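S.K.: Each protein sequence line maps, in turn, to chains A and B. Here the first sequence stands for residues 867 to 1177, numbered as in our numbering. Here the second sequence stands for residues 0 to 555, numbered as in our numbering.
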Amino acid sequence: MAHVTMIHGIGQKPEEAALLGIWRRALAGGPQGTRIDLGAKGVSSSMVYWADVLYPAPDPNVAAHESTDELEALKSDVDHIGQTITVDEAADPEWLARLAGRLLLQDPALDEREDLVGYAGMEERFPLPWTLKQRFLAAFLRDVHHYLFNVSWTPRPGTTYQVQNEIRRRFVEKVAAGAEKGRPHVVVSHSMGTVIAYDCLMRVPDCPAVDALVTLGSPLGIDEVQDKLTPGWTRLDGFPSHKVGGEWVNIYDRLDVVAALDPVLANDFRRGGLEVVRDIHEPNNGLWRHNLRKYFEGQLFRTELRRLLKL
Amino acid sequence: MNCSAEATKVLMAATSLEENQVESACSAWIECLRDGNEVPEPEIARKVLDGLRKHRHMGPLKRLADNLLRLGSRGDVVYRHYSQAMIESGELIAAVAILQGLVRRATPGASEWNEAQGLLGRAYKQIYIDACGSKLGMAEDALEAAIVAYRQVFDRDPTQIWHGVNLVALLARAERDGVRIAGFPRKDDLIEGLSREIEQHWLAGTLEAWDYASAAELSLAGGDLDGVQRWLKEYLSAADVDAFKIAGTLRQFTEVWRLRADEGEAGAVIAVLRAALLRNRSGTLSLTPQQVQRTAEADMVCFEKILGNTGVQTYWWMRTAMNRARSVALIRQPDGRGVGTGFLVRGRDLYEPFGDELFLLTNAHVVSDTAEQRGVLRSDKASVAFEATADVDRTARRHRLREIVWNSPPELLDASLLRFVEPPIGLEPCPVSELLPVTEEDQRVYVIGHPLGGELSFSLQDNQLLDHEGPTSGKPTIAGRVLLHYRAPTEPGSSGSPVFSADWDVIGLHHAGADFMPKLNGKQGTYAANEGISIRSIREAIARSLIGEGTESAER
Chain A
867 MAHVTMIHGI GQKPEEAALL GIWRRALAGG PQGTRIDLGA KGVSSSMVYW ADVLYPAPDP
927 NVAAHESTDE LEALKSDVDH IGQTITVDEA ADPEWLARLA GRLLLQDPAL DEREDLVGYA
987 GMEERFPLPW TLKQRFLAAF LRDVHHYLFN VSWTPRPGTT YQVQNEIRRR FVEKVAAGAE
1047 KGRPHVVVSH SMGTVIAYDC LMRVPDCPAV DALVTLGSPL GIDEVQDKLT PGWTRLDGFP
1107 SHKVGGEWVN IYDRLDVVAA LDPVLANDFR RGGLEVVRDI HEPNNGLWRH NLRKYFEGQL
1167 FRTELRRLLK L
Chain B
0 MNCSAEATKV LMAATSLEEN QVESACSAWI ECLRDGNEVP EPEIARKVLD GLRKHRHMGP
60 LKRLADNLLR LGSRGDVVYR HYSQAMIESG ELIAAVAILQ GLVRRATPGA SEWNEAQGLL
120 GRAYKQIYID ACGSKLGMAE DALEAAIVAY RQVFDRDPTQ IWHGVNLVAL LARAERDGVR
180 IAGFPRKDDL IEGLSREIEQ HWLAGTLEAW DYASAAELSL AGGDLDGVQR WLKEYLSAAD
240 VDAFKIAGTL RQFTEVWRLR ADEGEAGAVI AVLRAALLRN RSGTLSLTPQ QVQRTAEADM
300 VCFEKILGNT GVQTYWWMRT AMNRARSVAL IRQPDGRGVG TGFLVRGRDL YEPFGDELFL
360 LTNAHVVSDT AEQRGVLRSD KASVAFEATA DVDRTARRHR LREIVWNSPP ELLDASLLRF
420 VEPPIGLEPC PVSELLPVTE EDQRVYVIGH PLGGELSFSL QDNQLLDHEG PTSGKPTIAG
480 RVLLHYRAPT EPGSSGSPVF SADWDVIGLH HAGADFMPKL NGKQGTYAAN EGISIRSIRE
540 AIARSLIGEG TESAER
């Protein structure tokens, strides 16, 4: 039977079992015929949990993470971002400054031509309040920096991790366990989790192969992120062909703050020069477009996942 | 001889869903007490009886209380538990007799007296409701007797919310039914006083699940729908809410307040409670055909208001459940007695050449034409009724069967696929799935049937999936037959019922249940379980037996 290995994005999260439950329920929600109840369909699932590597304790407010209330969902993602990082603290200050500048100062989503946004130009655009965007992207900067530069980090007294080593170890362990469960084996990643999934599948020799990769709201299109995925990544041959036997499907919302800078991946992760990543624009609704639950509600995403799992 | 270890075993068994284990533990304790010539300590007896009541083992509770009394236990608490178990099993007259004695013996105002009066009120209330308006015998005075019992307590102690709310509910019911109850305070004054009491507890943070349900009932009495929804939201998310409590609230809202699920936003609270009950561990829902239809038509807004984030999802889930129930049929023999359950399937879902024709799938031990299966209903004698479809099924309510197109004996797949003389029109067949749920996670399966084949009611049961012989780790004992084991909260359901995944796809055909079912996949021991045959096994067996003659069969 099929298996899905999931990996979450930045920010403090509820504990592992609760987070896995939230993701499963998010996928199983909605009208009959669109919902995907993985367990009921015989598909096992697991979560590569890494929030505790960077954050001191799980978020006890589990309900907020599956809230349908816009503000509550946004707060659950930006309220607990931990310490931010300054340029001086960065392993590569120039790199961090460049990335920060692009993330915080550019907002390509707002420059998007009206006719390119959403279905038939009908989608509403709500500018994300600057302070919220700043908080979220500051957290993103820290987490992505600590991972890509394998920073030594003490999330709570008495526990210190080499961030990249630890998260890679967990990813490989979960993917190996998932491979034992059955085929097809699909990795579903969100946000910063897409960077981790790509890094492991492309650059960690011990990582087992999977059948398909799904990335949601991914920052992998950003040049500064790609720069730190070398050696391994090249624009002409960046597809993790050795570890992803089947497809890589990338779903994005043009107004998602993380994916917005460069949402399309096919041109940056080619296989032998060919564009093979399936980029799909699926607009989420409301103010906070990066939310996992909204991606999981997407009909295009669900159709793709069903197909990849052969349901 | 000290039997406290045996008493502990009863408490441990009580936490399981296995009634046979509870019965065995109770018997062992009684035997120990008898052998040791020992009367149990009143405190130990109370703890054990409380444990059985808390986990809803009413059969063992009744038998244990009976035995303890025979052994010389004279505590009122034993009589009280005995009477509660009797009420639960419908033995209302015996319960009233015991409770009246208890009320006489106990000190007015003491907690045991309060409890006994409350149970007395509950027994009389049930007698009134069961009478359905009849004035024969006890029925006429039962409503007043129930009101008096609750009032006895509430007049002495107005902080007793449970008694007070029941008093309000029954006074409202009396008003609606035109039953004159003289000399009682105004309902509105009672509501006001009780609301203040609840408010104080709310501020102090001392409300428990039952109190939230009482508060919702008070809001209903005062016509405050927002209040009903707000309190039910608290109730259903309370840590100590369980299937028993939800069932009690549902009973109160439907039987006393007479709410109907299709009556706008107010009635929709019934559908929400039903959904909550069915989704709760060990939840069992018994619905009349009319209730199935009304629940399917419930208002979605109410789900969102009460269940919050999961409201819309639960609404669709429940609606699908009701739609599936419509495709579940009662199979009757010529004298009209129900003998089993069957369900509608699309032919091609089991065998491609059958196309879109609709068939009925049931157990071979329910309907069979083979000579070896004597005593089983023959297809030409059977009639099939889809009870919840009066407004949808435009054909006759009773469908006749033309033939059995495929059959596997009870010792193999225990299945008969039946062709209608005239298939029902306007009914959706149950979708089938070959995919079995994963066993490592806490997966639920749902059985919809007509229990014991005799009642015109649907039983929807939440079952825990225990094990199955399917992929990836299953080891079928008979080649081509994949079994599923699941645990029902009550006695085994009806033969021929569909077993649904949590996604409401049919994954199996229910065929048996036992208290000592051998475990699957080479595991040692037995457990109380129900057993179903996977739909995939049936599908593959049909293909094997009909291949080559499939088109002929399909064209007949």
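From the three backbone atoms N, C-alpha and C, an ideal C-beta is built for every residue, glycine too. Remember, it's a predicted structure, so these values are computed and weren't measured experimentally.
Tell me the DSSP bridge mates of A/LEU1079?
M.R.: A/LEU1079 pairs with A/VAL1053 and A/TRP1114.
S.K.: So the beta strand (DSSP E) A/MET872 belongs to, where does it begin and stop?
M.R.: Start and end: 869 to 873.
S.K.: Which residue marks the beginning of the alpha helix (DSSP H) containing B/TYR127, and which one marks its end?
M.R.: That run of the alpha helix (DSSP H) goes 110 to 129.
S.K.: Name the two residues that bound the continuous alpha helix (DSSP H) containing A/MET1068.
M.R.: Unbroken alpha helix (DSSP H) run through A/MET1068: 1058 to 1069.
S.K.: When we look at the beta-carbon of B/ALA328 and count the other beta-carbons within 10 Å, is it buried (16 or more) or exposed?
M.R.: Flag for B/ALA328 reads buried.
S.K.: Please say whether B/ARG318 and A/GLN1165 have beta carbons closer to each other than 9 Å?
M.R.: Result no, Cβ atoms of A/GLN1165 and B/ARG318 do not sit closer than 9 Å.
S.K.: Rounded to the nearest angstrom, how far is the Cβ of A/TRP1154 from that of A/GLU936, given a contact under 8 Å?
M.R.: The Cβ separation is near 6 Å, so the contact holds.
S.K.: Whose CA, out of B/LEU91, B/GLU386 and B/THR106, lies closest to the CA of B/GLN292?
M.R.: The residue with the shortest Cα to Cα distance from B/GLN292 is B/GLU386.
S.K.: Find the nearest neighbour of A/VAL1124 within the set A/GLU1170, A/PRO1021, A/ARG901 and A/LEU965, judged by alpha-carbon distance.
M.R.: Selected option, being the one with the closest Cα: A/LEU965.
S.K.: Please return the same chain residues whose Cβ sits closer than 8 Å to the Cβ of B/GLU371, not counting the five positions on each side in sequence.
M.R.: These residues qualify, in order along the chain: PRO408.
S.K.: With a cut-off of 8 Å on the beta carbons, I'd call A/VAL1038 and A/LEU920 a contact; round off their distance for me.
M.R.: That pair is no contact at about 19 Å.
S.K.: Please return the same chain residues whose Cβ sits closer than 6 Å to the Cβ of B/TYR127, not counting the five positions on each side in sequence.
M.R.: Cβ neighbours of B/TYR127 beyond the five flanking positions: ALA141 and LEU142.
S.K.: Using a Cβ cut-off of 9 Å, pull out every chain A residue sitting near B/GLN228, in sequence order please.
M.R.: Chain A residues near B/GLN228: none, gap ~17 Å exceeds 9 Å.
S.K.: For A/ASP1134, would you say it is in contact with chain B, using Cβ-to-Cβ distances shorter than 9 Å as the test?
M.R.: No, because no Cβ of chain B sits closer than 9 Å to the Cβ of A/ASP1134.
S.K.: Give every residue of the same chain whose Cβ lies closer than 7 Å to the Cβ of B/ALA295, excluding the five residues on either side of it in the sequence, and list them in chain order.
M.R.: Once the five neighbours on either side are set aside, the close Cβ partners of B/ALA295 are ARG318, MET321 and ASN322.
S.K.: Compare the C-alpha of A/VAL1017 against each of A/VAL1143, A/GLY1024 and A/GLU1032 and name the closest.
M.R.: Answer by Cα proximity: A/GLU1032.
S.K.: Evaluate the contact criterion for the segment 237 to 250 of chain B versus the segment 425 to 432 of chain B: three or more CB pairs, one atom per stretch, below 8 Å.
M.R.: The segment 237 to 250 of chain B, when compared against the segment 425 to 432 of chain B, does not touch it at the 8 Å Cβ threshold.
S.K.: Report the CB separation of B/ARG538 from B/LEU349 in whole angstroms; it is logged as a contact under 8 Å.
M.R.: So it is a contact: roughly 5 Å between Cβ atoms.
S.K.: Run the CB neighbour count on B/ASP504, radius 10 Å, all protein chains shown included, and call it buried at 16 or more, exposed below.
M.R.: It is buried - the Cβ of B/ASP504 has at least 16 other Cβ atoms within 10 Å.
S.K.: Of all the options B/PRO436, B/LYS53, B/GLN460 and B/ARG172, which has the alpha carbon lying nearest to the alpha carbon of B/GLY132?
M.R.: Per the Cα distances, B/ARG172.
S.K.: So if I threshold CB-CB distances at 8 Å, which residues from the segment 908 to 929 of chain A count as touching chain B?
M.R.: Taking 8 Å as the Cβ-Cβ cut-off against chain B, the residues of the segment 908 to 929 of chain A that qualify are GLY908, VAL909, SER910 and ALA929.
S.K.: State yes or no: is the beta carbon of A/GLU932 nearer than 9 Å to at least one beta carbon in chain D?
M.R.: The structure shown contains no chain D; the protein chains it does contain are A and B.
S.K.: Compute the distance between the beta-carbons of B/LEU508 and B/SER496, then report whether it is under 9 Å.
M.R.: Contact flag set, yes.
S.K.: Are there 16 or more other CB atoms within 10 angstroms of the CB of A/VAL953, so buried, or fewer, so exposed?
M.R.: Per the 10 Å Cβ criterion, exposed.
S.K.: Please determine if the segment 105 to 123 of chain B and the segment 143 to 155 of chain B are in contact, where contact requires at least 3 C-beta pairs separated by less than 8 Å.
M.R.: Touching, yes.
S.K.: Residues of the segment 1025 to 1055 of chain A with a CB closer than 8 Å to any CB of chain B: list them in chain order, please.
M.R.: Those residues of the segment 1025 to 1055 of chain A that come within reach of chain B (Cβ to Cβ, closer than 8 Å) are LYS1047 and GLY1048.
S.K.: Once DSSP output is grouped into helix, strand and coil, what is the label at A/ALA986?
M.R.: Residue placement at A/ALA986 is flagged as unreliable, the pLDDT there being 42, under the threshold of 50; the coordinate-derived value follows with that caveat. DSSP places A/ALA986 in helix when its eight states are reduced to three.
S.K.: In chain order, what residues of the same chain lie with their CB nearer than 6 Å to the CB of B/ASN529, ignoring the 5 residues before and after it?
M.R.: TYR485, ALA487, PRO491 and GLY512.
S.K.: Compare the C-beta of A/GLN1165 with all C-beta atoms of chain B and state if any pair is closer than 9 Å.
M.R.: Cβ-Cβ to chain B under 9 Å: no for A/GLN1165.
S.K.: Which residue wins for smallest C-alpha separation from A/LEU1171, given the options A/ASP1122, A/HIS1156, A/ASN1116 and A/ALA1132?
M.R.: Looking at the Cα atoms, A/ASN1116 is the closest of the given residues.
S.K.: Report all residues from its chain with a CB closer than 6 Å to the CB of B/PRO41; omit the five preceding and five following residues, and keep chain order.
M.R.: If we look at B/PRO41 and ignore the five residues flanking it on each side, its Cβ neighbours are GLY74.
S.K.: By DSSP, does B/ALA260 sit in helix, in strand, or in coil?
M.R.: Coil at B/ALA260, not helix or strand.
S.K.: Got a sec, what are the start and stop residues for the beta strand (DSSP E) B/VAL178 sits in?
M.R.: Segment: none, B/VAL178 is in no beta strand (DSSP E) and carries neither H nor E.
S.K.: With a threshold of 9 Å between beta-carbons, can B/ALA208 be considered close to chain A, or not?
M.R.: It does not: the Cβ of B/ALA208 has no partner Cβ on chain A nearer than 9 Å.
S.K.: On the DSSP letters alone, give me the boundaries of the alpha helix (DSSP H) that B/SER415 sits inside.
M.R.: No alpha helix (DSSP H) contains B/SER415, which is instead part of the beta strand (DSSP E) from 414 to 419.
S.K.: Under the three-state reduction of DSSP, which class applies to A/SER1187: helix, strand or coil?
M.R.: For chain A, the structure presents residues 867 to 1177; residue 1187 of chain A sits outside this window and is missing.
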